[in-house]
Structure formats: structure tokens, C-alpha cells
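Contents: one structure, followed by commentary.
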Amino acid sequence: MKKKSAKDLQNIIAIVYDFDGTLAPGNMQEETIFREYGIDKRKFWAKSRALVRQKGYESTLAYLRLLISDPVFKERPLDRKTLKRLATQLPYYPGVTQGYFRQLTSFMNKIPEVREWGITVEHYIISSGLSELLDGASIRKHFKKIYACEYDYENGRPVFPKLVINDTNKTQFLFRINKGKLELSEGINQHMPAGKRRIPFANMIYIGDGVTDVPSMTVMNKSGGHAIAVYDPNGKVPREVKKMIAEKRAEHFAPADFRRGSLLIKILHRTLKQIIHSISFRLSSRRSSDWVRRHW
Ligand SMILES: [Mg+2]
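Residue numbers for the sequence shown follow my numbering, beginning at 121 and rising by one.
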């Protein structure tokens, strides 16, 4: 019998994370670049908002422009080398760098259906932060693909943003993951029947923390995927999270605590089991009908 590819089997599960406020506290630029350059975050964001108000900049482009053109960066450009070094200073929520990915793999490997049907998990990040910072992060190796804002560099210096990710265009990347068209050079607008998609939405879990994740969560929800809202473990449940649940954008919410036994991990395990169950159910029923077809 011809060996079926993962596309036919649809036995890959994707966990898609937002970064700021989801895997890490705060904002990646503030925690790294602002600290390094001694930038007052209130002043910086006020300048960024002024570009939006006065010149009609899209808000992500406004901050990307400031990181090039603000006098501080004119004097000492934010080159690749600096970003790579700053990436090592990124803080994370509990558990993220202490075994979360390894424990998730071992959880999966203990489930018999995972082995029986060759089910695998892939991790992705979609963030409006800076790609260079995430590329240098210690957790980079766990991710199949990271989508974030990216500059074009000339002589090591950023000259122009070549990829901008904001809350609404974040959803494009969910479709890239869904259709298996991960590279930006690959078109994604062509119709692809549900059965041919590399990772069906039903096999996707989106984890995010705020209003910027609402469009992505809405896509997940409407397409049969799963969405989990998280919040700072040191704070109370924020209004946005309550809203996401009340408006049925997310199915669950939990503190962003990735340690073994946390509420988030329990929810993730439960969701993974449900996905694994439906993959194995679908594939075993397909095996029965294939057998009957051959022996008719
Ligand atoms: Mg966020």
C-alpha cells in the first residue's frame, strides 16, 4: 500500500503562541532594547502614538520606524549583533524554559494513540515583536516556525521593515500553518479543500493574552480550532480575558504558568487528548473503509 503523507493523515497538532504576555511577561522591546539604551518606555510609546495620530502610521509600523529613526538609534543603530545578544535577556513565564516543551513531548509519548497513528506536535509563535529577538531566544529550537516583525538589514543595520505583523494580519499566519504554506513566498489564497490541509484547524490550539489576539481567536473559533486565553500569574484575571470568554472567543483561560500540574497545563493536556482522540477516531474509521474497499 502507498505510504500516506502527513497531509493525507492530518495527524499533526499545532500549538500556536502569541509571545508578549503569553510566553513572557511584559513587552520584549521594553525588557531588552529599552533597558539597554536607557529608553523611557512612556516617552517612546507616546512618540509612537503621535506618529499614528499625526501622520496616520499603522501602529506596528510606527514603533518599527522609531527603532530606526529615533535619535538614540541613529546614534547607535540596533544592529543584528546587539539584538542577538539582547535576546538572551528575555524573561519568561514560569515553566517555559524549565521543561515545558520536554514535558509536553513526554505527555504525548505516553498516549498509545500517539504512537499508533504517528501523531506529532509542532510549536509556532506569531508575534508583533521583533523576529531577531525571538531568533536569538533560548527557546527558539522548540519552534517549527516563528513569525514576527522583521527588518531588512544593510551592513548589519535595519533599513526598512520587510515584514510587519499586527493583530489583524496575524490571522494570515494561522492559515499558513493550516495549509502548510509556511514560507512567505508561497501563496495562500488559492482554495485548498479541508481534507488536503496539512494541519486542520481542529488540530490547532492558539494561546494568547490580550485584545491583539482577538482576531486570531475568532478565526480559531469559527474554524473549529481551540483557543486558550492566559494572563499574568501575578495578577488578577484582566477584563480582556473575561471578555474573551464571555464573547466565546476563547474556550478556556488560565494564568500563564507552564509548570507541570498548573491549570494551563491541565487545560492543554485535556485539549490535546480531545484532538488525539478525534484524529485516531477518524483514521481508524478510514482504515476500516479502506480494508472493506480492498476486500469487497
Ligand atoms: Mg500578547
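Where is the CB? At the ideal position from N, CA and C, for every residue including glycine.
Note that the coordinates shown come from a computational prediction; the quantities given were computed from them, not determined experimentally.
Helix, strand or coil for residue i, going by three-state DSSP, please let me know.
{"i": "VAL339", "result": "helix"}
{"i": "MET121", "result": "Residue placement at MET121 is flagged as unreliable, the pLDDT there being 43, under the threshold of 50; a coordinate-derived value is accordingly withheld."}
{"i": "PHE373", "result": "strand"}
{"i": "LEU129", "result": "helix"}
{"i": "PRO278", "result": "strand"}
{"i": "VAL241", "result": "strand"}
{"i": "ILE259", "result": "coil"}
{"i": "SER305", "result": "coil"}
{"i": "ASP333", "result": "helix"}
{"i": "ASP199", "result": "coil"}
{"i": "LYS368", "result": "coil"}
{"i": "THR97", "result": "Here the chain has residues from 121 to 416 only, and residue 97 is not among them."}
{"i": "SER382", "result": "coil"}
{"i": "HIS311", "result": "coil"}
{"i": "PRO232", "result": "helix"}
{"i": "THR291", "result": "helix"}
{"i": "ILE297", "result": "helix"}
{"i": "ILE159", "result": "coil"}
{"i": "TRP416", "result": "coil"}
{"i": "GLN218", "result": "coil"}
{"i": "GLN174", "result": "helix"}
{"i": "LYS194", "result": "helix"}
Pull up the DSSP beta-bridge partners for residue i, would you.
{"i": "THR180", "result": "Note: THR180 sits in no beta bridge, so no partner."}
{"i": "THR152", "result": "BP columns for THR152 are empty, so no partner."}
{"i": "MET324", "result": "ALA134"}
{"i": "LEU283", "result": "GLU270"}
{"i": "PHE227", "result": "PHE227 is not bridged to any residue."}
{"i": "ALA349", "result": "GLY328 and PHE373"}
{"i": "ILE246", "result": "TYR267"}
{"i": "ALA144", "result": "ASP140"}
Which residues in the same chain as residue i place their Cβ atom closer than 6 Å to its Cβ, once the five residues preceding and following it in sequence are excluded?
{"i": "LEU383", "result": "ALA374"}
{"i": "PRO358", "result": "TYR351"}
{"i": "LYS301", "result": "ILE308"}
{"i": "ASN131", "result": "TRP237, GLY238, ILE239 and ILE399"}
{"i": "TYR271", "result": "PRO278 and PRO281"}
{"i": "MET340", "result": "TYR326 and ALA347"}
{"i": "PRO197", "result": "ARG277"}
Compute the minimum distance between the beta carbon of residue i and the heavy atoms of ligand 1, and state whether it is under 6 Å.
{"i": "GLY330", "result": "yes"}
{"i": "GLY141", "result": "yes"}
{"i": "ASP138", "result": "yes"}
What do you reckon, are the CB atoms on residue i and residue j nearer than 7 Å?
{"i": "ILE348", "j": "ILE319", "result": "no"}
{"i": "CYS269", "j": "VAL279", "result": "no"}
{"i": "PRO281", "j": "LEU388", "result": "no"}
{"i": "MET324", "j": "ARG369", "result": "no"}
{"i": "THR152", "j": "LEU206", "result": "yes"}
{"i": "ASN286", "j": "SER248", "result": "yes"}
{"i": "LYS114", "j": "GLY256", "result": "Residue 114 cannot be examined here, being either before or after the span of the chain that is shown, 121 to 416."}
{"i": "ALA134", "j": "ILE396", "result": "no"}
{"i": "ALA182", "j": "VAL192", "result": "no"}
{"i": "GLU360", "j": "GLY381", "result": "no"}
{"i": "ASP417", "j": "ASP138", "result": "Since the first residue shown for the chain is 121 and the last is 416, residue 417 is missing from the structure and cannot be characterised."}
{"i": "PRO232", "j": "THR288", "result": "no"}
{"i": "PHE321", "j": "GLY355", "result": "no"}
Within its chain, find whatever has a CB closer than 7 Å to the CB of residue i; leave out the 5 residues flanking it on each side and keep chain order.
{"i": "PHE293", "result": "ILE246 and TYR267"}
{"i": "PRO214", "result": "PRO353, ASP377, PHE378 and ARG379"}
{"i": "TYR220", "result": "PHE378"}
{"i": "ARG390", "result": "none"}
{"i": "MET121", "result": "Residue confidence for MET121 is low, a pLDDT of 43 falling below 50, so the modelled location carries little weight; the figure read from the coordinates is stated next. Correct list: empty, nothing qualifies."}
Excluding the five sequence neighbours on either side, which residues of its own chain have a C-beta within less than 8 Å of the C-beta of residue i, listed in chain order?
{"i": "GLY146", "result": "ASP140 and PRO211"}
{"i": "LEU254", "result": "PHE139, MET148, ALA207, ILE245, SER247, ARG260, ILE266 and ALA268"}
Confirm the yes/no value for this check: CB of residue i, any heavy atom of ligand 3, distance under 6 Å.
{"i": "ASN131", "result": "Ligands displayed in this structure: ligand 1; ligand 3 is not among them."}
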